[in-house]
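Please read the structure below before turning to the comments.
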Amino acid sequence: MRASLASSIAVTCAAALALPVSLAAPAAAVPSALGLPQAVSALPSTTPAGPQPLSAPPPTAPHTTGELPPTPPVAPRPLPELPSTSQAAPPAVSELPPTSDAAPPALPELPSTTQAAPPVAGGSAGEQASTRPAAPQAAGALPPAPDLPGSTQSLPLGPLAGSTRAAGDGTIGEGEQGLTRRDVRPFSLVGVVWDDPAAPLHGTVQVRTRATGGADWSAWQDVETHNEEHGADPDTPEGTTRTLRGSTAPLWVGDSDGVEIRVHGEEPLPTGLRLELVDPGEDPAPEAPAAGAPRNRTAAAPAAPATPGLPAVLAGLSAAEAAASGVNSQLAAFGATWIPALSKEKTELAIRQAPPRTVAHAPVANAAAKPYIGPRPKIITRKGWGADERLREKGFVYTKTIKAAFVHHSATGNNYSCRQAPSVLRSIYRYHVKSSGWRDFGYNFAVDKCGNIYEGRAGGVAKPVLGAHTLGFNTNSMGIAVLGTYSRSAPPAAAVTAIARLTAWKLGLHGVNPKGPAYLVSGGGNRYRKGKTVRFNAIAGHRDGFATECPGVRLYNKLPTTRTTSAKYQGRL
């Protein structure tokens, strides 16, 4: 009878978790996120699987979406390697670096990496929904999530007084394009895009804005125009998709409802210049604090499933959210807004007790009893900073391993508070996907000025997710962006320390010494020809792989110290 009962439970759970999925990662390395049957296709050793193409937004006003109701927290099951099953309340994103090492219990991994994201609903002007037909929902499948906040206004630029139009080739001659002062819907981040991603913008871009509800206008602010060094490698599916557009770096300006822009060309300007105004929407609603736990997020009893037959742990999550959360399920509970920090001892114990042949731990599975790996830092998940999982393309794409970490600055300016960092991330994410035509957020991780670490591109923080951060060297590397601009301003010590902590852990998962060399093969760029093997430091700056100013000279000069600190966290020094 026990055997019969167990069989019935297994069948019921399998049916409740049935989701239509497709695989975009190596079959041997990455199994199904929700444990369901799926079509499996292996990747070549160094070439990621192709993503689905993006839909280019139309040149009209965007559709503003609604807000997702808060997801009830989950009562998780403990990992076998963690002796304690108590969960400490995680600190909210704040003005101070995270210090908590308390770990909430995590669910065993429900592997997969290819859960399809439903198409964006109700797209219109500047925010058009995908025209791909939606996959049919099986009985008991996850319900569609309500619309999430955020929108993009896309405004075409035109010649300003004194500009001349070159004859014949459709370009604008030397002079200016732009927009005069005007009222617009609220936004917080600006950037400029154009039709041809291979066409550089030689010149200057300046904007000034008016704070929402105010009367005064800001001074002119420079927008970083040299952004082509970011993005997917040439000859990869993401790098050759027709939806890619040329773009400047985005600039965070804060809550604004008025804008003026001027673009001065030192050479003929590229065609199709448009001003992108991004509204990140409201932050996700915080989880209700437990009694006696002031200002901290804490676990609560799970609510009843919204859809009959669904386990409570998945209630309130869309299919795309469940997939993005599921790839981190060895590290935190389903739907978690943060992954807890672990001590070095608990990190090493988790490595030794991890299931064999997982992507996260394969490189150190056969290492010595005490591997060189730093303590896992606290990481705020995509759900924690409010990523709309429907914006990105379906599935996740992986590279084989991680040999190096490239450090960047986001060039979005330093005029943000750490409480605003999630809004900055949502804005960059929307700009990367909807405006620039990338498949997802470009960087693998982000760090704010207070040292908070954030999950970037979806696919699992412990896995070798293929990013779009260092043109020509995205394969077998990861990208870390420090929010801000550090050409003249010194990076905060908390941010530099966070880079050291993150690299000590993530490079350690792949057996890499932060003070050692890394050898990568160029995919093409303006510094190294395609196919050339290049020696880097394991922790390198973006400018090491591409002729660019990134990550800013002040941050770049901190990297030697960062390598030493990271190696100390690993126990090598």
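According to full-length UniProt numbering, the sequence shown holds residues 1 to 573 in order. All residues carry an ideal CB built from backbone N, CA and C; glycine is no exception.
Within the model, the alpha-carbon separation for N476 versus G523 is close to 11 Å.
Bridge pairing for S151: D279 [DSSP]. Q570 sits in a helix when the DSSP states are folded into three classes. Look at G442 here: in three-state DSSP terms it is coil, with no helix or strand label. Per the Cβ contact rule, the segment 424 to 437 is not in contact with the segment 498 to 510 (fewer than 3 Cβ pairs under 8 Å). Taking 8 Å as the cut-off, the Cβ atoms of L179 and L201 do not count as close. Looking at the DSSP output, Y486 sits in no beta bridge, so it has no partner there. Minimum Cα-Cα distance from F406 among the listed residues V259, T412, K506 corresponds to K506. T204 carries a strand assignment under DSSP once its states are collapsed to helix, strand and coil. Taking a contact to require three or more Cβ pairs closer than 8 Å, the segment 335 to 342 and the segment 412 to 419 do not qualify as touching. Distance from the Cα of D544 is smallest, within the candidate group R488, G531, T561, L471, for L471. Taking 8 Å as the cut-off, the Cβ atoms of P186 and T212 count as close. Per DSSP, L251 is one residue of the beta strand (DSSP E) stretching across 251 to 265. Rounded to whole angstroms, E348 and C550 show a C-alpha spacing of 34 Å. If you ignore the 5 residues before and after G281, its C-beta comes within less than 6 Å of the C-beta of P149, G150, all in its own chain and listed in chain order. If you check the CB distance, F445 and I453 come in under 8 Å.
As DSSP reads the structure, G191 sits in a beta bridge with E276.
When the five nearest sequence neighbours on each side are left out, the beta carbons in the same chain lying within less than 7 Å of the beta carbon of D283 are those of G386, P422, S423, in order along the chain. Listed in chain order, the alpha helix (DSSP H) runs fully inside the UniProt domain "Peptidoglycan recognition protein family" (377 to 525) are 382 to 385, 421 to 430, 493 to 509, counting runs of at least 4 residues.
Ranked by how close their Cα comes to the Cα of S188, the residues V534, L251, P514 have L251 in first place.
Distances from the alpha-carbon of P197 to those of P371, A319, H432 put H432 closest. DSSP lists V259 as the bridge partner or partners of T209.
When rounded, the separation of the alpha-carbon atoms in Y486 and H408 is 9 Å. In this structure, DSSP gives Q330 a state outside helix and strand, which the three-state scheme calls coil. For G531 and V259, the gap between their C-alpha atoms comes out near 44 Å. I261 places its beta carbon less than 8 Å from that of V207. Counted as a single uninterrupted DSSP element, the beta strand (DSSP E) harbouring D222 occupies residues 221 to 223. Nearest in C-alpha terms to V205, of all of D233, S256, E176, is E176. In the DSSP assignment, T347 falls outside any beta strand (DSSP E) and lies within the alpha helix (DSSP H) extending over 344 to 353.
Listed as beta-bridge partners of L244 by DSSP are no residues whatsoever. Around the beta carbon of G158, a 10 Å sphere encloses fewer than 16 other beta carbons of the protein chains shown; the residue is thus reported as exposed.
Residue state for A324 is assigned as helix, using DSSP reduced to three classes. Counting only the Cα atoms, P355 lies some 42 Å from V553. In terms of Cβ geometry, G451 and A495 form a close pair [threshold 8 Å]. The continuous stretches of beta strand (DSSP E) do not include R554, which lies in the alpha helix (DSSP H) extending over residues 553 to 556.
In the structure shown, the three-state DSSP call for D183 is strand.
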